[in-house]
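> What follows is a structure written as C-alpha cells; I'll ask about it next.
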Amino acid sequence: MGVLPLLLVSVLLIDAAMAWGDEGHMLIGAIARHILLKSHGGSSLVKALEKVLYVWEEQYPGLSRLTTAPVWADHIKCEQGRPWCRGLLRYDAIEVFNEWHYSDKPYNPQDLPIPHFRRGTHDALWLLERANHTMINFGKKQNEGTALSWNLFLRLLLHVYGDIHQPLHSCTMFAKPYPHGDAGGNEIPVILNHTAGHEHVGELHLFWDLGGGALEGNWPTLGPSDMEDEAVRLLAMFPELWKSKHADKVGFREVLDESYKICAKFVYSEFDFSTLEKRQPYYPSDAYVAQAQHTSLERMVLGGARLAKILIPLARNAPPPQQIIGTREGLGLFGWSLEIWQALCGVLLLLSLCSSCGFMWVGWRNAYLRKMVQEGDMPRMALVRHHMHDNGIIAGD
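What follows is the structure, given as C-alpha cells:
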C-alpha cells in the first residue's frame, strides 16, 4: 500500500465531518502501539489497555486493538446509506459527541469584528482533560470513574488526541464571505488536478482529513497488520521527529496551539482574501498538495509518539480484570475465569437433562408395570420382566 498517492480517489465515500480518515487514525494508533511495545514493560501496558477495549468486542468486533479502536468514535456516527460505514453489526447513529472532535480558535486575517463567536465549552480540550482526569483517578478517589467510563473515555481519547493534530480541528477561518466562519474548512470546496478534468472532490477540511490525499483507506478494508507495517515505515521516515524533544510536548493545549499555528501559517496560504467569494472552489497547487501531505504525515507521527507517552500512566491505572465485567479474561466467583464457569454450567445442564430423562423413564416403567398388574396381564408382565432381566435392567433368577 502506497502512503503518498496524489489524488483523492475515494473522497466522496467519506463523511466530511470526520476527522483524519480511518487510515490516519489507525496510523496514529499503530504508531503509539509500536512505540509502547518497544518500550520497557510495554507489552504489559498494551495488554492492559486492549483488555479494557476488548470488553466491547462483541458489540464492536475488530475495534479492540490500539490500532483500530481510534476509528470507533467516527463509526458510531454511522447511519444506513453512508458508503464508508462498513464492518459494524448495526448502525448506531450517535451524533452527540460531535463537538468533542475539535476546538476552534478564530483565524481572522482581515481583522473582522466577530462578536458573535463563542468558543465551545464542551470541545476537544474539555473532553481530553475530562477523560484523562477520570482515567488517572480511577480507583484512587471514592466514586471516581467506572470500568464503563474508562472504556468510553479511552476510545474517545485515542480518537480525539489524534484529531487535535489535524490543523483544521484547531481553527476556523473568518473573512467577509464567511462572517460566521468556514466551519473549519468544511465550507471551502476543493478541486484537485482541475486541468485533467476532475470534478469537485470535497472540502478543504476533508482534504486535510485525508492528509492532503495521502491517506484514503477505510476500516475494515484496511486491517491492523497493514497499518502496523505502515507505522514502522513512517517511523523510519521520520526518526529525528518522534525521538526529538518536540515529541515530549504532549499537553492538550500545547498541541492545539501548535496545530493552530500550522493552520494560520499554511492551510490558507494560497487564498486571496481580497477576492474570495462564498463557496468559491479552491484549486490547490501541486506544491501545496505535496506540502500538505508531508505536514500531515509529520503530524501523525508526532501524534502517535505523543499518544504513546499519554497512554503509559493510563495503562498503569487501567481497571484490573476483576472489574472489567464481561471480558473473557475477567475473573468470576472463586477467581475462576468466565470460560471455566461457562464450561461448568454446560456440564451441569447436560447432567440435569440426563437425570430428568432417567427419572421420566423410571416413572413410565413403574406406571406401565402397575397397569399390567391391575389388569391381570401376568403373561405379558412375565415377558417384560424376562426382557429386562436379559438386558441387565433388573436382577433375578
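Quick note, the sequence shown lines up with residues -21 to -1, 1 to 376 if you use mature numbering (1 follows the signal peptide of the UniProt record, and there is no 0).
The beta carbon of each residue, even a glycine, is placed where N, CA and C say it ideally should be.
#1: Going by Cα to Cα distance, which pick from L127, H148 and F153 is closest to H95?
#2: Between the C-alpha atoms of R212 and T274, what's the straight-line distance to the nearest angstrom?
#3: Taking just the CA atoms, how far does R98 sit from residue 377?
#4: Compute the Euclidean distance between the alpha carbons of Y86 and P146, then round it to the nearest angstrom.
#5: Counting pairs of Cβ atoms below 8 angstroms between the stretch 1 to 14 and the stretch 268 to 288, do you hit three or more?
#6: Quick check on the burial criterion: 16 or more other C-beta atoms within 10 angstroms. Buried or exposed for Q38?
#7: Alpha helix (DSSP H) containing P85: first to last residue?
#8: Report the partner residues of F168 according to the DSSP bridge assignment.
#9: Distance check for A269 and E182, CA to CA, integer angstroms please.
#10: Rounded to the nearest angstrom, what separates V246 and T47 at their Cα positions?
#11: In three-state DSSP terms, what is A297?
#12: Report the rounded CA-to-CA distance for A11 versus N296, giving the unit in angstroms.
#13: How big is the Cα-Cα spacing for T125 and Y33?
#14: Quick check: what's the CA-CA separation for S43 versus P49?
#15: Is the distance from the Cβ of F231 to the Cβ of L276 below 9 angstroms?
#16: Near H16, what residues of its chain come up, given a Cβ to Cβ distance below 7 angstroms and the 5 sequence neighbours on each side ignored?
#17: Candidates P156, G41, A103 and M114: which alpha carbon is nearest H138's?
#18: Along the chain, which unbroken stretches of the beta strand (DSSP E) at least 3 residues long are found entirely within the stretch 15 to 89?
#19: Run through DSSP, which three-state label would Y262 get?
#20: Between C64 and the rest of its own chain, which residues show a CB-CB distance below 6 angstroms, the 5 nearest in sequence each way excluded?
#21: Between which residues of its own chain and A(-1) is the CB-CB distance below 8 angstroms, once the five residues before and five after are set aside?
#22: Going by DSSP, name the residue or residues bridged to Q152.
#23: Take C242 as the anchor and find which of G325, L201 and I143 has the nearest alpha-carbon.
#24: Answer with buried or exposed for G221, where buried requires no fewer than 16 other C-beta atoms within 10 angstroms of its C-beta.
#25: Taking 8 angstroms as the threshold, find out whether the stretch 255 to 267 comes into contact with the stretch 161 to 171 through three or more Cβ pairs.
#26: Just the C-alpha distance for C324 and L330, rounded to the nearest angstrom, thanks.
#27: Evaluate P263 with the Cβ neighbour count: other Cβ atoms within 10 Å of its Cβ, from every protein chain shown; 16 or more gives buried, anything less gives exposed.
#28: What first and last residue would you give for the alpha helix (DSSP H) that runs through F132?
#29: In three-state terms, what does DSSP make of Y267?
#30: In terms of residue numbering, what span does the alpha helix (DSSP H) encompassing P203 cover?
#31: How about L293 and L136: do their beta carbons lie closer than 9 angstroms?
#32: Taking all protein chains shown into account, decide if T254 is buried (16 or more other Cβ within 10 angstroms of its Cβ) or exposed.
#33: Just reading off the alpha helix (DSSP H) that R232 is part of, what are its end residues?
#34: Is the distance from the Cβ of L214 to the Cβ of I14 below 9 angstroms?
#35: Can you tell me which of H225, G160 and N130 puts its alpha carbon nearest to the alpha carbon of E29?
Considering the structure as presented:
#1: Start at 1 with the first residue of the sequence shown, and residue 95 comes out as number 116. Among L127, H148 and F153, the Cα nearest to that of H95 belongs to F153.
#2: As a first step, residue 212 must be located in the sequence shown, where it is residue number 233. As a first step, residue 274 must be located in the sequence shown, where it is residue number 295. Taking the straight line from one Cα to the other gives about 16 angstroms.
#3: Limits of the chain in this structure are -21 at one end and 376 at the other, which puts residue 377 out of reach.
#4: In the sequence shown, counting from the first residue as 1, residue 86 sits at position 107. In the sequence shown, counting from the first residue as 1, residue 146 sits at position 167. If I take the Cα positions, the gap works out to 11 angstroms.
#5: yes
#6: For the purposes of this step, residue 38 is taken as residue 59 along the sequence shown, with counting starting at 1. With fewer than 16 Cβ atoms within 10 Å of its Cβ, Q38 is classed as exposed.
#7: Here residue 85 corresponds to residue number 106 of the sequence shown, with the count starting at 1. Note, P85: premise wrong, no alpha helix (DSSP H); beta strand (DSSP E) at K84 to Y86.
#8: Position 189 of the sequence shown, counting from 1, holds the residue named residue 168. First, the amino acid is wrong: residue 168 is Pro here, not Phe. Answer is E182, bridged to P168.
#9: The residue given as residue 182 occupies position 203 in the sequence shown. The residue given as residue 269 occupies position 290 in the sequence shown. About 17 angstroms.
#10: Along the sequence shown, one-based indexing puts residue 246 at 267. Along the sequence shown, one-based indexing puts residue 47 at 68. For V246 and T47, the distance between alpha carbons rounds to 28 angstroms.
#11: Residue numbering aside, residue 297 sits at position 318 when the sequence shown is read from its first letter. It is coil, neither helix nor strand.
#12: Your numbering for residue 11 matches position 32 in the sequence shown. Your numbering for residue 296 matches position 317 in the sequence shown. Taking the straight line from one Cα to the other gives about 18 angstroms.
#13: Counting from 1 along the sequence shown, the entry for residue 125 is found at position 146. Counting from 1 along the sequence shown, the entry for residue 33 is found at position 54. Whole-angstrom Cα-Cα distance: 16 angstroms.
#14: Here residue 43 refers to the residue found at position 64 of the sequence shown. Here residue 49 refers to the residue found at position 70 of the sequence shown. Their backbone Cα atoms lie some 9 angstroms apart in a straight line.
#15: Here residue 231 refers to the residue found at position 252 of the sequence shown. Here residue 276 refers to the residue found at position 297 of the sequence shown. No, they are not a contact pair.
#16: Within the sequence shown, numbered from 1, the residue matching residue 16 stands at position 37. Note on residue identity: the sequence assigns Leu, not His, to residue 16. Closer than 7 angstroms at the Cβ level, and outside the excluded window around L16, lie S22 and V25.
#17: Locating residue 138 in the sequence shown gives position 159, where the first residue counts as 1. Comparing Cα-Cα distances from H138 to each of P156, G41, A103 and M114, the minimum goes to A103.
#18: 84 to 86
#19: Taking the first residue of the sequence shown as position 1, residue 262 is located at position 283. The answer is coil: DSSP assigns Y262 none of H, G, I, E or B.
#20: Within the sequence shown, residue 64 is the residue found at index 85, counting from 1. Only C57 meet the Cβ criterion.
#21: Reading the sequence shown from its first residue, position 21 is the one you call residue -1. Residue -1 is actually Gly in this sequence, not Ala. I(-8), D188, L189, G190, L194, E195, G196 and N197.
#22: In the sequence shown, the residue the question calls residue 152 occupies position 173. It should be pointed out that residue 152 corresponds to Met in this sequence rather than to Gln. Answer is Y86.
#23: Residue numbering aside, residue 242 sits at position 263 when the sequence shown is read from its first letter. Out of G325, L201 and I143, I143 has the C-alpha closest to the C-alpha of C242.
#24: As a position in the sequence shown, residue 221 is number 242, starting the count at 1. Sequence inspection shows Trp at residue 221; the Gly mentioned does not correspond to that position. When all chains shown are included, W221 counts as buried.
#25: yes
#26: Locating residue 324 in the sequence shown gives position 345, counting from the first residue. Locating residue 330 in the sequence shown gives position 351, counting from the first residue. For C324 and L330, the distance between alpha carbons rounds to 10 angstroms.
#27: Reading the sequence shown from its first residue, position 284 is the one you call residue 263. Result: buried.
#28: Position 153 of the sequence shown, counted from the first residue, corresponds to residue 132. From DSSP, the alpha helix (DSSP H) with F132 extends over A126 to D142.
#29: Position 288 of the sequence shown, counted from the first residue, corresponds to residue 267. If DSSP states are grouped into helix, strand and coil, Y267 belongs with the helices.
#30: For this step, residue 203 is matched to residue 224 along the sequence shown. Where P203 is concerned, the enclosing alpha helix (DSSP H) stretches over P203 to M216.
#31: Here residue 293 corresponds to residue number 314 of the sequence shown, with the count starting at 1. Here residue 136 corresponds to residue number 157 of the sequence shown, with the count starting at 1. Cβ distance < 9 angstroms, so L293 and L136 count as in contact.
#32: In the sequence shown, counting from the first residue as 1, residue 254 sits at position 275. Counting Cβ neighbours within 10 Å, T254 comes out exposed, since fewer than 16 surround it.
#33: As a position in the sequence shown, residue 232 is number 253, starting the count at 1. Segment F231 to I241, the alpha helix (DSSP H) holding R232.
#34: By one-based count along the sequence shown, residue 214 stands at place 235. By one-based count along the sequence shown, residue 14 stands at place 35. Yes, they are a contact pair.
#35: As a working note, residue 29 is residue 50 in the sequence shown. For the residues H225, G160 and N130, the minimum Cα distance to E29 belongs to N130.
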